[in-house]
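Trainee: Residues in the sequence shown are numbered consecutively from 69, following this note's numbering.
Quick reminder that beta carbons are idealized off the backbone N, C-alpha and C, glycines included.
For reference, the structure I am asking about is given below.
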Amino acid sequence: MIFNIQKCSIHDGHGLRTLVFFKGCPLRCPWCANPESQDYGIQIMEYPSKCIGCGLCARCCPYGAIGPDGRIDRSLCPRECQRCSQTCYAEAKKTVGRDYTIDELFKEINKDKIFYDIKGGGVTFSGGEPLTHGAYLKEIARKCRENRINVCVESCGYALFDSFKDALEYIVSTFMDIKIIDTQRHKQVTGAGNELILDNIKKISDLGMPLTIRTPVVPGYTDDPENIRGIACFVSGLPTVKEYELLRYHNFGQSKYGALGLPYGLQGVEPPSDQQMEELTGIANDILNKYGKYSFYMKDNKKEGIKCLQKES
């Protein structure tokens, strides 16, 4: 199940990328910018500001799940019905998630091949968590590579290695998150420990695959200097890491929680300051410089304010 296909990305792999977002993730990070990616099933997002009050959705709902105000009572809605979103021509209700066959998804990806051929780039599979769809990921990645399309993956790393290892043959590089280095704290915040994640990252690196490690800098959760220091120590022992990126927290996904009928747990949390980002980058640099030649630079990304450490060749 795919919930979005985003064109013309430039921050998720080399060149111009098409991002394919798989639905479903085993983690529950409170800062997640795509909460619609977490559930493995179809969902309905609603936008009251677009509602024109026609009442069609309420009349077509066989479960009586839509009140006079047009809002969904999610305790009554089975989601798979989708009649309200199919009926709503004002797009106040939208279905999130669609099943694609391998051929259907490849057809969408292949539409952009002319841009890859001219400017470089390819497809990046993201999520949710693409590694939890190991068999499907292998087949779509293989089809892309057979057609000379570069394949990257963005992952939180939480999946059984044996379930996705065969897909790695067709993947050129991976972006892996390490959010919190302490496993108990990781479990407290995300709902799962990080042992599986760290083990998978080591195994992928041992295979010789280029890695970019990312840490979202979220105030009160991941911005502890000791956390960044611990992650940098772990990164320093990975032979194939090309970059370590610190990504500034943003709240651009907040409205999506409301559209899904979910609370946003980071209400009022402000993004970290430039000074804090510089300080954390300095901490990571101090560690990495002890183990190899690293140079610091900043990517021009106003959306996320990426700070990046790149290993010199």
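Around the C-beta of residue 169, are 16 or more other C-beta atoms found within 10 angstroms, so that it is buried, or is it exposed?
Mentor: When all chains shown are included, residue 169 counts as exposed.
Trainee: By Cβ distance, which residues of its chain are closer than 8 Å to residue 80, with the 5 residues on each side in sequence left out?
Mentor: 87, 192, 194, 220, 222, 243, listed in sequence order.
Trainee: Let's see if you can read the secondary structure: which residues bound the alpha helix (DSSP H) around residue 353?
Mentor: Residues 342-356.
Trainee: Run through the DSSP bridge pairs and tell me what residue 218 is partnered with.
Mentor: Residue 218 pairs with 190.
Trainee: Nearest-angstrom Cα distance between residue 85 and residue 73?
Mentor: Cα-Cα distance, rounded: 11 Å.
Trainee: Say whether the region 274-291 touches the region 244-254, bearing in mind that this needs 3 or more beta-carbon pairs closer than 8 Å, one atom from each stretch.
Mentor: Touching, per the Cβ criterion.
Trainee: Please classify residue 282: does DSSP put it in a helix, a strand, or coil?
Mentor: In this structure, residue 282 counts as strand in the three-state DSSP scheme.
Trainee: Can you give me the Cβ contacts of residue 105 inside the same chain, cut-off strictly under 7 Å, excluding the 5 residues immediately before and after it?
Mentor: Contacts found: 71, 89, 91, 93, 195, 196.
Trainee: Hey, is residue 73 close to the ligand FMN, as in C-beta under 7 Å from one of its heavy atoms?
Mentor: Looking at this structure, you won't find the ligand FMN or any other ligand, since it has none at all.
Trainee: Report the three-state DSSP secondary structure of residue 312 (helix, strand or coil).
Mentor: Residue 312 falls in the strand class under three-state DSSP.
Trainee: Do residue 177 and residue 147 have their C-beta atoms within less than 8 Å of each other?
Mentor: The answer is no: Cβ separation not under 8 Å.
Trainee: Roughly how far, in whole angstroms, is the beta-carbon of residue 238 from the beta-carbon of residue 213, given that I think they are within contact range, below 8 Å?
Mentor: Yes, they are in contact, since the Cβ atoms of residue 238 and residue 213 sit about 5 Å apart, within 8 Å.
Trainee: So, is residue 372 buried or exposed, given that buried needs 16 or more other C-beta atoms within 10 angstroms?
Mentor: Reliability fails at residue 372, whose pLDDT of 41 lies under 50, so the model's placement of it is uncertain and the value that follows must be treated cautiously. Per the 10 Å Cβ criterion, buried.
Trainee: Let me know the secondary structure DSSP gives residue 150 once reduced to three states.
Mentor: Three-state DSSP puts residue 150 in coil, outside helix and strand.
Trainee: Would you report the Cα separation of residue 78 and residue 157, rounded to the nearest angstrom?
Mentor: Cα to Cα, the separation comes out at about 33 Å.
Trainee: Mapping DSSP to helix, strand and coil, what is residue 143?
Mentor: Correct three-state label for residue 143: coil.
Trainee: Mind checking whether residue 227 and residue 266 have CB atoms under 8 Å apart?
Mentor: It is not a contact, given that the beta carbons lie outside the stated cut-off.
Trainee: Measuring straight from C-alpha to C-alpha, what distance separates residue 257 and residue 182?
Mentor: If I take the Cα positions, the gap works out to 42 Å.
Trainee: Please tell me whether residue 297 and residue 208 are closer than 8 Å, where the distance is taken between their beta carbons.
Mentor: Not in contact: residue 297 and residue 208 (Cβ atoms no closer than 8 Å).
Trainee: Name the one or two DSSP bridge partners that residue 114 has.
Mentor: According to DSSP, which records beta bridges pairwise, residue 114 is partnered with 161.
Trainee: What first and last residue would you give for the beta strand (DSSP E) that runs through residue 169?
Mentor: Premise fails: residue 169 is in no beta strand (DSSP E) and is neither H nor E.
Trainee: Taking DSSP as the reference, what is the three-state secondary structure of residue 72?
Mentor: Strand.
Trainee: Could you name the residues of the same chain whose beta carbon sits closer than 6 Å to that of residue 155, not counting the 5 residues immediately before and after it, in chain order?
Mentor: Cβ within range, chain order: 124, 125, 128.
Trainee: Can you have a look at residue 405 and say buried or exposed, based on whether 16 or more other CB atoms are within 10 angstroms of its CB?
Mentor: Because residue 405 is not part of the residues shown, which for the chain are 69 to 381, the question remains open.
Trainee: Within 10 Å of its beta-carbon, does residue 186 have 16 or more other beta-carbons around it, so buried, or fewer, so exposed?
Mentor: When all chains shown are included, residue 186 counts as exposed.
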